[in-house]
Amino acid sequence: MRRGASFAAVLSLACAADARGNPESVALRARASIQIYNLDRDQAIETFRQAIAADSQDAAAYRGLATGLWLSITFRRGNMTVDDYLGRVTKPTGPSSAAPSESTKAFTDAVEQALAIARRRIAVNPRDADAHYQLGAAVGLRASYSATVEGSVLGAFRAARGWSSIRAARTPA
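With the first letter of the sequence shown counted as 1, position 93 gets the number 78 in my numbering; the numbers rise by one all the way through.
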């Protein structure tokens, strides 16, 4: 039950719609979200790539791709609970297998592209709420990846330092 709720929360963050997005990209992201929910991760990754092809400036599509890659890595390695990366209370977890290098590079490229697009949008319009959301969600995704895939809780905190750039980008009330 808890895994389902956690997964639903990750999925909703991964696929929130961009209010100004290309309708084709938005539709493809919605389809990919359903595919991820149904554990069709490889199909979802391909659909997110199609969404990127439909709109190369859609930060949510890049973030969705990164989410699909991250979930694929974690499921294939068998580490999808908090205990797997923070350690169990009663016994330590064993080492996880290394993530495939092509998947880690694809994740990094996708999340960095999502961050770059969101930052450009904020630079153009500091009051763009969706751009701030995309930036924050991508920073959070990068931190989650660091904790789950790289096995570094401290690395997750370092990855989350991007929040300071989010606060700095806000406009005064």
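Quick reminder that beta carbons are idealized off the backbone N, C-alpha and C, glycines included.
For residue i, is the classification buried or exposed, using 16 other Cβ atoms within 10 angstroms of its Cβ as the cut-off for buried?
i	result
Gly49	buried
Arg61	exposed
Rounded to the nearest angstrom, what separates residue i and residue j at their Cα positions?
i	j	result
Thr52	Thr133	12 Å
Gln28	Gln20	7 Å
Ala101	Gly63	31 Å
Glu31	Ala38	11 Å
Gln98	Tyr118	15 Å
Ala15	Asn110	26 Å
Could you pull out every residue in the same chain whose Cβ sits closer than 6 Å to the Cβ of residue i, ignoring the five residues on either side in sequence?
i	result
Arg106	Asp113 and Ala116
Asp40	Asn7 and Ser10
Give me, in chain order, the residues of the same chain whose beta-carbon lies closer than 8 Å to that of residue i; leave out the 5 immediate sequence neighbours on both sides.
i	result
Ser88	Leu54, Ser57 and Ile58
Val96	Tyr47, Arg48, Ala51, Ala123, Leu126, Arg127 and Tyr130
Go ahead and pull the three-state DSSP assignment for residue i.
i	result
Ser88	helix
Asp40	coil
Leu24	coil
Glu135	coil
Enumerate in chain order the residues of its own chain whose CB-to-CB distance from residue i is below 7 Å, with the five nearest sequence positions on each side excluded.
i	result
Arg34	Leu50
Ala103	Ala44, Ala116, Gln119, Leu120 and Ala123
Since residue i and residue j should fall inside the 8 Å C-beta cutoff, what is the C-beta to C-beta distance between them, to a whole number of angstroms?
i	j	result
Asp43	Ala36	6 Å
Taking 8 Å as the CB-CB limit, is residue i close to chain D?
i	result
Asp27	No chain D appears in the structure shown, which is made up of a single protein chain.
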